[in-house]
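A.B. asks:
Numbering (this note's numbering), first residue to last: 486 to 757.
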């Protein structure tokens, strides 16, 4: 199972917690972690590699793209957010599919079912957390086709083989620069514009669950989703947006998943 992360060193502790959560639920799976970063080296993960050893493999990549030097970035959205869209440019030919995860995700079940989904003729499999009206607005803003979907790109199964055959990298580079003034959530807007009609949807409550999604789903409903439901059904928790459990003003019920693995990480670091 190929898992992709793209990040800079500022987020390395979150990478640790995410990887530890994957390790807990994939003790008998062959896992290959692909880490794309221009400032993280293999030695930075030595503690983790000792803890998650055996059938876990790690490959590190440094990716540069001159066009991205002029791409829209912010403190919350560094250049590395675009790298997932360029996966075919650095992954080796034997990687035909890969699951991208933001490092602010925690895996609470085995990923095998998601990973083996049939792409059919699609480039990406993911979930959306917005309603039809906002999807329509984004399609217009981003000049996407009317039937395009708007994905939360924090959990993204990527059809690398399909992209190798059909993705136009020049078009991708051109769109990123030409439309930088209208990119609000940059990588998500770009994916919506160029590939929004080449995606397959999965349930965000199962594979991209957030406290925001829980609150929206539960509003005005008698049968509310609680932690028991999450433990039985959800696979990936995603702390997207500003509402994160390590922030003082966090509001929600999903923090325990993060802190379990963050405390695990801290104990490992203390052994140095």
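Glycine included, each C-beta is placed from N, C-alpha and C at the ideal position.
Are the beta-carbon atoms of residue 754 and residue 507 separated by less than 8 angstroms?
C.D. replies: Cβ distance not < 8 angstroms, so residue 754 and residue 507 don't count as in contact.
A.B. asks: Does the distance from the CB of residue 595 to the CB of residue 702 come in under 8 angstroms?
C.D. replies: No; because the gap between Cβ atoms is not below 8 angstroms, this pair is not in contact.
A.B. asks: Nearest by alpha-carbon distance to residue 561: which of 697, 756, 676, 671 is it?
C.D. replies: The residue with the shortest Cα to Cα distance from residue 561 is 671.
A.B. asks: Which parts of the segment 649-685 are runs of the alpha helix (DSSP H), unbroken and 4 residues or longer, counting only runs that do not cross its ends?
C.D. replies: Taking only runs of at least 4 residues, the alpha helix (DSSP H) segments lying wholly in the segment 649-685 are 654-663, 671-680.
A.B. asks: Is it buried or exposed for residue 681, if we count other Cβ within 10 angstroms and need 16 for buried?
C.D. replies: Burial call: buried.
A.B. asks: For residue 545 and residue 598, I'd like the C-alpha separation in whole angstroms.
C.D. replies: Cα to Cα, residue 545 sits roughly 26 angstroms from residue 598.
A.B. asks: So what does DSSP say about residue 723, is it helix, strand or coil?
C.D. replies: The answer is strand: DSSP assigns residue 723 an E or B state.
A.B. asks: Do you know how far the Cα of residue 539 is from the Cα of residue 623?
C.D. replies: Approximately 44 angstroms between the Cα atoms of the pair.
A.B. asks: How many Å lie between residue 712 and residue 593 at the Cα?
C.D. replies: If you take the alpha carbons of residue 712 and residue 593, they lie about 12 angstroms apart.
A.B. asks: Taking just the CA atoms, how far does residue 633 sit from residue 649?
C.D. replies: Each residue's alpha carbon lies about 21 angstroms from the other.
A.B. asks: Give the DSSP-derived three-state secondary structure of residue 537 in the structure shown.
C.D. replies: Here residue 537 sits in coil by DSSP.
A.B. asks: Which one of 549, 662, 635, 604 has the shortest CA to CA distance from residue 616?
C.D. replies: Of 549, 662, 635, 604, the residue nearest in Cα terms is 635.
A.B. asks: Can you look up residue 585 in the DSSP assignment and give me helix, strand or coil?
C.D. replies: Reduced to three states, the DSSP call for residue 585 is strand.
A.B. asks: Which of the three DSSP states, helix, strand or coil, is assigned to residue 702?
C.D. replies: Correct three-state label for residue 702: helix.
A.B. asks: Give the secondary structure of residue 752 by DSSP, where H, G and I count as helix, E and B as strand, and everything else as coil.
C.D. replies: In the structure shown, residue 752 sits in a helix (DSSP, three-state: H, G or I).
A.B. asks: Using the Cα positions of residue 553 and residue 707, report the straight-line distance between them to the nearest angstrom.
C.D. replies: Cα to Cα, residue 553 sits roughly 48 angstroms from residue 707.
A.B. asks: Please specify which runs of the alpha helix (DSSP H), each continuous and at least 4 residues long, are wholly inside the segment 523-581, giving them in chain order.
C.D. replies: Counting only runs of 4 or more, we get 531-536, 572-575.
A.B. asks: Taking the alpha-carbon positions, what's the residue 494 to residue 748 distance?
C.D. replies: Approximately 20 angstroms between the Cα atoms of the pair.
A.B. asks: Are there 16 or more other CB atoms within 10 angstroms of the CB of residue 525, so buried, or fewer, so exposed?
C.D. replies: With 16 or more Cβ atoms within 10 Å of its Cβ, residue 525 is classed as buried.
A.B. asks: Note down, in chain order, each residue of its chain lying with its Cβ closer than 6 angstroms to the Cβ of residue 543, except the 5 sequence neighbours on either side.
C.D. replies: Closer than 6 angstroms at Cβ, skipping near neighbours: 518.
A.B. asks: Would residue 694 pass as a contact of residue 588 if the rule is Cβ separation under 8 angstroms?
C.D. replies: Taking 8 angstroms as the Cβ cut-off, residue 694 and residue 588 do not qualify as a contacting pair.
A.B. asks: How long is the line joining the alpha carbons of residue 547 and residue 521, rounded to whole angstroms?
C.D. replies: So the alpha carbons of these two residues sit roughly 6 angstroms apart.
A.B. asks: At the level of alpha carbons, what is the spacing between residue 586 and residue 752?
C.D. replies: Taking the straight line joining both Cα atoms gives about 24 angstroms.
A.B. asks: Please report the residue range of the beta strand (DSSP E) in which residue 592 lies.
C.D. replies: Looking at the DSSP string, the run of the beta strand (DSSP E) that includes residue 592 is 590-592.
A.B. asks: Output yes or no for whether 8 angstroms exceeds the beta carbon distance between residue 684 and residue 583.
C.D. replies: No, these two residues do not count as a Cβ contact at 8 angstroms.
A.B. asks: Kindly give me the distance between the Cβ atoms of residue 743 and residue 591, rounded to whole angstroms, as I take these residues to be in contact under 8 angstroms.
C.D. replies: About 6 angstroms; that satisfies the 8 angstroms criterion.
A.B. asks: Please report the Cβ distance between residue 600 and residue 486, rounded to the nearest whole angstrom; I am assuming they are in contact, meaning their Cβ atoms lie under 8 angstroms.
C.D. replies: Yes, residue 600 and residue 486 are in contact; Cβ-Cβ is about 5 angstroms, under 8 angstroms.
A.B. asks: Which word fits residue 618, buried or exposed, when buried means at least 16 other C-beta atoms lie within 10 angstroms of its C-beta?
C.D. replies: Exposed, by the Cβ-count rule.
A.B. asks: With a threshold of 7 angstroms, establish whether the CB of residue 644 neighbours any heavy atom of the ligand NAP.
C.D. replies: Within the structure as shown, the ligand NAP is missing, as the structure has no ligands at all.
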